[in-house]
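Some notes on the structure that comes next.
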Amino acid sequence: MDNRVSNPHERSLVVVANRLPVRRVRKGGRAHWETSPGGLVTAMHPLLRERGGSWVGWNGAEGGSARPFSHDGMDIHPVPLSADEIARFYEGFSNETLWPLYHDALRTPRFHRKWWRTYVEINRRFTETVLPLVGPDSVVWVHDYHLQLVPAMLRERRPGAKIGFFLHIPFPALELYSRMPWRREILEGLLGADLLGFQSRLMAQNFLRAARRYTDARGVGSHLHHGGREIRSLPFPISIDINEFETLAASEEVGRRVDELRARIGPERRIILGVDRLDYTKGIDVRLRAFEEILSRGRHTTADVCMIQVAVPSRGGAADYDEMRRLVEETVGRINGEYGEPGRVAVHYLHRNLPREELVAYYRAADVMMVTPLRDGMNLVAKEYVASRLDNSGVLVLSEFAGAANELSHALLVNPFDIDGMAAVVENSLDLSPREQSSRMRSLRKTVHAYDLYAWASRFLGALTGDDDR
Ligand code: ADQ
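Just add 11 to wherever you are in the sequence shown, counting from 1, and you've got my numbering.
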């Protein structure tokens, strides 16, 4: 698949996201910038390099300079935040109010007026940084829940600008969204965009319902009229760089790592894999309990099956995250204490970031992949697993509550709140004939192939600038 999106009439692009696409790295006492790994950066980098364009974001640390610089063909415009601002805007309103509310209130969202005031202030600071970069032909693409007020703040000062917004996490049902004390302000912030993109049709509709209820926006279908403009709210399910995963999966180095891993685990044992950021939305604890249930039923023992759970450290220091880590580690300890044997661990638990090659080696080694979030905008791990299964073997067990389930309907779908049901499906997945595995995986691979990360970016920008056939 062609992974470049080029068109001579393309306008310059301004990407606005909470985080910059670069991070400060220290080597031998000297600091320099490195491009960060991650889907959004992978998708935007070639576009910015080709069209010329800028990226506005926070450097991820306290303080720092606001001076713009160039890196790897991108113009970088940092938005510095103080320690207090990080606490209120990022850890507070973004991660303790919006994140839980938008993920079906899996934890109780905390509403603090002080946090909200800082959220407004920081959205304004991002807007002020963006404004000088917006020319008559620019396209501005604002990303995610941290920056929902930026579209309207920009619109006020640049009425003719092309502004798009994409939400990476779910937009909740009206009944939940209604709890937000600043629901009207946030909706009006988003309505400053020309195009609002969501991970699924349902999420796009949730937004439309909320906007019709709490603002004076009117319209039918995916269209709204507000402030004399037309706004569209549409699904653009995000994807991955399939080429990258397929190339890695086929590489000799990954092949060697797979053999090594298989030899260490024991060639006769099946591997059930989980890979997630250590977040309470990902359902790591319930997945472990489903595995515990399987072992307790006795048809499978650590002689023929084991689980590997890779968890990337995330938002450490926040109470809900520290508690989730404790719960996961306690559960791993309990299962290993009950079912492990010397030399035969039941659950291998890795709390760390892995290099891509190693991640793909795990994907290739796993007989069953469990992706069981309680709620997730998309979940790219599910698509990465499918992309890595070049020989069409392996089973994907996928939560109904991940955005990915809308597309990956040939996975074995589970309700992650039902531990017995989930255990039964995973038990069945261990018995799935190679023929059925292959027929399911073939369909899944076809789906993932049809639409990659570059197609996602290109469709969104096409719809925003009118160069599409919608
Ligand atoms: P996340 O909540 O971070 O993203 P996800 O889509 O699964 O969730 O992406 C996680 C990424 O981290 C994957 O690319 C994966 O490869 C990587 N990763 C996981 N474990 C790793 C490890 N141990 N080492 C290295 N890398 C690891 C948010 C939303 C999602 C949405 C994405 C993109 O919450 O719903 O799919 O944005 O829009």
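A virtual CB, placed ideally from N, CA and C, is assigned to each residue, including glycine.
Please read these numbers as outputs of a predicted model, since none were measured by experiment.
| query | By a C-beta neighbour count over all protein chains shown, 10 Å radius and 16 as the cutoff for buried, is T119 buried or exposed? | reply | With fewer than 16 other Cβ atoms within 10 Å, it is exposed.
| Measuring CA to CA, which of A376, L178, C317 is closest to G354? | It is C317.
| message | In whole angstroms, give me the CA-to-CA distance for L59 and G84. | response | If I take the Cα positions, the gap works out to 7 Å.
| Check: E438 C-beta below 7 Å from any heavy atom of the ligand ADQ | Flag unset: Cβ of E438 not near the ligand ADQ.
| message | Can you determine whether any heavy atom of the ligand ADQ sits closer than 7 Å to the C-beta of I249, and answer yes or no? | response | Checking the 7 Å criterion, the Cβ of I249 is within range of a heavy atom belonging to the ligand ADQ.
| query | Is DSSP giving Y291 helix, strand or coil here? | reply | Look at Y291 here: in three-state DSSP terms it is coil, with no helix or strand label.
| query | Per DSSP, what kind of secondary structure is D387 in: helix, strand or coil? | reply | If DSSP states are grouped into helix, strand and coil, D387 belongs with the strands.
| field | 8 Å Cβ shell around S233 - same chain, five flanking residues per side excluded | value | Only A215, L219, R243, S244, L245 meet the Cβ criterion.
| query | CB-CB under 8 Å to A260, same chain, minus the five flanking residues each way: which ones, in chain order? | reply | Counting only Cβ-Cβ distances below 8 Å, and skipping sequence neighbours, we find V371, Y374, R375, A398, S399, R400, L401.
| query | When the Cβ atoms of the region 205-213 are set against those of the region 129-141, are three or more pairs found closer than 8 Å? | reply | Judged by Cβ distances under 8 Å, the region 205-213 makes no contact with the region 129-141, as fewer than three pairs qualify.
| Three or more C-beta pairs closer than 8 Å, one from the region 305-324 and one from the region 405-418: is that the case here? | By the Cβ rule, the region 305-324 does not count as touching the region 405-418, because fewer than three pairs are nearer than 8 Å.
| said: With distance defined between alpha-carbon atoms, name the residue in K173, Y225, A172 nearest to P192. | reply: Cα-wise, what sits closest to P192 is Y225.
| field | Entirely enclosed beta strand (DSSP E) segments - the region 247-310, minimum 3 residues | value | Every unbroken stretch of the beta strand (DSSP E) spanning 3 or more residues and falling wholly within the region 247-310 is given here in chain order: 281-288.
| query | Does any heavy atom of the ligand FMN sit closer than 7 Å to the C-beta of E107? | reply | Within the structure as shown, the ligand FMN is missing, the only ligands being the ligand ADQ.
| said: Between A77 and P91, how many whole angstroms is the CB-CB distance? I'm expecting something under 8 Å. | reply: About 5 Å separates the beta carbon of A77 from that of P91, a gap short enough to meet the 8 Å contact definition.
| field | Own chain residues within Cβ distance below 6 Å of N417, not counting five before or after | value | Excluding sequence positions up to five before and after N417, its CB lies within less than 6 Å of the CB of S211, all in the same chain and listed in chain order.
| query | Measuring from the CB of M389, is there a heavy atom of the ligand ADQ at a distance below 7 Å? | reply | Yes.
| said: Here's a check: name, in chain order, each residue in its chain whose Cβ is nearer than 6 Å to the Cβ of H237, leaving out the five neighbours to either side. | reply: L202, A228.
| field | Close Cβ partners of R481 (< 6 Å) along its chain, the five nearest in sequence each way excluded | value | The predicted model places R481 with a pLDDT of 42, which falls under 50 and marks its position as unreliable; any figure quoted below should be read in that light. The residues are A474.
| Does DSSP classify M191 as helix, strand or coil? | In the structure shown, M191 sits in coil (DSSP, three-state: anything other than H, G, I, E or B).
| Cα separation between R300 and G75? | Cα to Cα, R300 sits roughly 44 Å from G75.
| request: Check G39 in the structure and name its three-state DSSP category. | output: Per DSSP, reduced to three states, the secondary structure at G39 is coil, with no helix or strand assignment.
| Whole runs of the alpha helix (DSSP H) within the region 178-231, excluding any shorter than 4 residues | List check, alpha helix (DSSP H) in window: 185-188, 194-201, 212-225.
| query | Counting only runs that start and end within the region 141-180, where is the beta strand (DSSP E) found for 3 or more residues in a row? | reply | With a minimum length of 3 residues, the continuous beta strand (DSSP E) runs that stay inside the region 141-180 are 150-154, 173-177.
| Environment of R190 [buried if 16+ CB atoms lie within 10 Å] | Looking at its Cβ environment, which holds fewer than 16 other Cβ atoms inside 10 Å, R190 is exposed.
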